[in-house]
Amino acid sequence: MLFQIDAASRAPIYRQLAQQIREAVARGRLAPESRLPSVRDLSRQLVINPNTVARVYTELERDGVLNTRPGLGVFVAQPRNDLTKKARKDRLTALADQFLTEAVHLGFSAEESLALVSERMEKFQFPQPVGSH
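Under the numbering used here, the first residue of the sequence shown carries the number 29, and numbering increases by one thereafter.
Rendered as structure tokens:
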């Protein structure tokens, strides 16, 4: 997996890296149980401070995206549903509201916004409903 840091971006380096890892997992480019590079290796590859990589790994572990196995490394975590269905829905609703607010301010219609979401959904791996094969 190749990550990149955009030095010209206004987004902090740790946020860029965290987003790239989250997106790689969501798109299926990093499968559950995939091993990530060590903090030292990734910091060398990206030419960034090792503390930045460690911060990203720690944040993503706290969020359940990654897990650390002492002596073995950092791995993509299995998807988990430790939040209640209502809590997960509330979190997704807040994010949808942010997206829709931006869509309105950018002048997109409801139809254009829905078409964009449909188009983008094809690029992500969603969990299969229980009972489907």
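Think of the CB as a built atom: it goes at the ideal place given N, C-alpha and C, for glycine as much as any other residue.
- For residue 127, the secondary structure class from DSSP, reduced to helix, strand or coil, is helix.
- Residue 91 and residue 134 have their C-alpha atoms spaced approximately 31 Å apart.
- Secondary structure at residue 57: coil, using DSSP grouped into helix, strand and coil.
- Annotation: the continuous alpha helix (DSSP H) that includes residue 67 extends over 67 to 74.
- Taking a C-beta distance under 9 Å as the contact criterion, residue 152 and residue 46 do not qualify as a contact pair.
- Proximity to residue 81 across 71, 145, 114 peaks at 71, based on C-alpha coordinates.
- DSSP, reduced to helix, strand and coil, places residue 63 within a strand of the structure shown.
- Non-local C-beta neighbours of residue 155 in its own chain, meaning closer than 7 Å and more than five positions away in sequence, comprise 107, ordered along the chain.
- The alpha carbon of residue 31 has as its nearest neighbour, out of 114, 112, 73, the alpha carbon of 73.
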